[in-house]
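Input: a single structure, listed below in structure tokens.
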């Protein structure tokens, strides 16, 4: 049975991991539209060109490379994202792009004849620095000019300015949309980013649906005051409001969530930020997830009510901005079954499962049949320097991707 070159794939993964690597915490820093992120895109295009593949970068920063003319016949597209969270791991996103690259190299060296083009995409800004998954949303044609001009990160850096720093025009993102007839299928290989496959000692996950996610930037505004002279009962302490909300999260999930619900406060900034000053403002993010859009709406409403009550209690002003809202999405039943069948043919253990994390697949599914393949994450860790997947699982996942692409491109 034909397959991929595991050693060659490993070499590519390790080489890409050097871009944005931090010696102090051993994490990878390729936050969307930073210098390291753009360096990785340039590196990927150079690697593809060196192998003789056609390549280009669209107006959204998505990098494409492949074989065959997708303007003449619909293509089988695969890939994932090249950006990372700050202090991320080496597999999240990058594996899916480089696995696609390895599939192309294997097709080329084995002289496999296919009826349909096969292309790979390294999407831009999937990790949500500016909210959403801009690269795949642009391909799916669900981006609008108002969002592009107003999108900013938690540090108030605007997307348009981050792109301009690299010679890009934010409005060119609108030109990145693909018509549905250009695609035959989409596959994404990804680490699970959870513990299920690892704990159950299962090699392949065939994903049937992807969680939705919303992201808020919240401001609780009180009054900065002297930490020694302001009586405790007369303060408008923004941090106390934040602390109270943190204790409300478990209650909100118990009353309005499900076993798939997640609510996270992942970034906090206290102002003015002095040890001897009562915080006058707390700025923080809330990210909520669930497999049901209705449940997500209930969670958002409950967060709003809880924060409003807390603000009244502590004499604070409560404001929030909804940076993004991504609906849950089902994967293609046919492609999910194909993943299961290919795993069985190679005698890999396989599990049909949901994804608690968002992925590019949920937007490509707007255009075409889309399938998502998981491999185990050791101890379920991701978005951290100790993110790891065993190389034998990486090889197995890439072989399944290879089999699925070959089958779909026949």
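Numbering (UniProt numbering), first residue to last: 1 to 410.
By construction, the Cβ of each residue, glycine as well, lies at the ideal position given by its N, Cα and C atoms.
Query	Result
Reduced DSSP category for residue 475 - H, G, I as helix; E, B as strand; rest coil	Residue numbering for the chain in the displayed model covers 1 to 410; residue 475 lies beyond these limits and cannot be assessed.
Spatially closest choice to residue 282 from 140, 242 and 301, by CA coordinates	242
Helix, strand or coil at residue 240 according to DSSP, with G and I counted as helix	helix
8 Å CB neighbourhood of residue 290 in its chain, flanking five on each side removed	211, 212, 257, 258, 260, 261, 262, 296, 299 and 328
Spatial distance of residue 267 from residue 128 (CA atoms)	13 Å
Residue 67 vs residue 402 beta-carbon contact at 8 Å	no
Backbone secondary structure at residue 82 - three-state DSSP	coil
Test item: CB-CB of residue 132 and residue 124 under 8 Å	no
Exposure label - residue 163; buried when at least 16 CB within 10 Å	buried
C-alpha distance - residue 77 paired with residue 286, whole-angstrom precision	33 Å
First and last residue of the uninterrupted alpha helix (DSSP H) at residue 298	293-313
Every unbroken alpha helix (DSSP H) inside the region 116-189 [4 residues or more]	134-140, 145-150 and 159-164
Short Cβ contact (8 Å threshold) for residue 142 with residue 159	no
From 173, 121, 166 and 37, residue whose alpha carbon lies closest to that of residue 146	173
Three-state secondary structure (DSSP) of residue 258	coil
Cut-off 8 Å between Cβ atoms - residues of its own chain near residue 346, not counting five sequence neighbours on either side	1, 396, 399, 400 and 403
Sheet register partners of residue 318 (DSSP bridge)	220
Own chain residues within Cβ distance below 6 Å of residue 186, not counting five before or after	77, 364, 368 and 370
Span of the alpha helix (DSSP H), counted from its first residue to its last, around residue 404	391-409
Spatially closest choice to residue 254 from 199, 279 and 302, by CA coordinates	302
Helix, strand or coil at residue 334 according to DSSP, with G and I counted as helix	helix
Cα-Cα separation between residue 246 and residue 324, rounded to whole angstroms	21 Å
Given residue 151 as reference, the closest of 338, 215, 119 and 106 once Cα atoms are compared	215
Separation of residue 284 from residue 83, as counted between CA atoms	22 Å
Sub-8 Å separation of residue 306 and residue 248 beta-carbons	yes
Neighbour-count burial assignment, residue 23, 16 or more Cβ in a 10 Å radius	exposed
Residue 384 - DSSP class collapsed to helix/strand/coil	coil
Local conformation of residue 276 per DSSP, three classes	coil
Integer-rounded CB distance, given that residue 91 should sit under 8 Å from residue 349	No, residue 349 and residue 91 are not in contact; Cβ-Cβ is about 20 Å, not under 8 Å.
Outcome for residue 232 when other beta-carbon atoms lying within 10 angstroms are tallied against a minimum of 16	exposed
Where residue 234 falls, given that 16 or more other Cβ within 10 Å makes a residue buried	exposed
Burial state of residue 149, where buried means 16 or more other Cβ atoms lie within 10 Å	exposed
Backbone CA spacing between residue 42 and residue 31 [nearest angstrom]	15 Å
The beta strand (DSSP E) enclosing residue 196, as first and last residue numbers	Here residue 196 belongs to no beta strand (DSSP E); instead the alpha helix (DSSP H) covers 196-200.
Cβ-based burial, residue 418 [other Cβ within 10 Å; buried from 16]	Any property of residue 418 remains undetermined from this structure, which presents the chain solely from 1 to 410.
Cβ separation of residue 114 and residue 309, assumed to be a contact under 8 Å, to the nearest whole Å	Between residue 309 and residue 114 the Cβ distance is about 60 Å, and since that is not below 8 Å, they are no contact.
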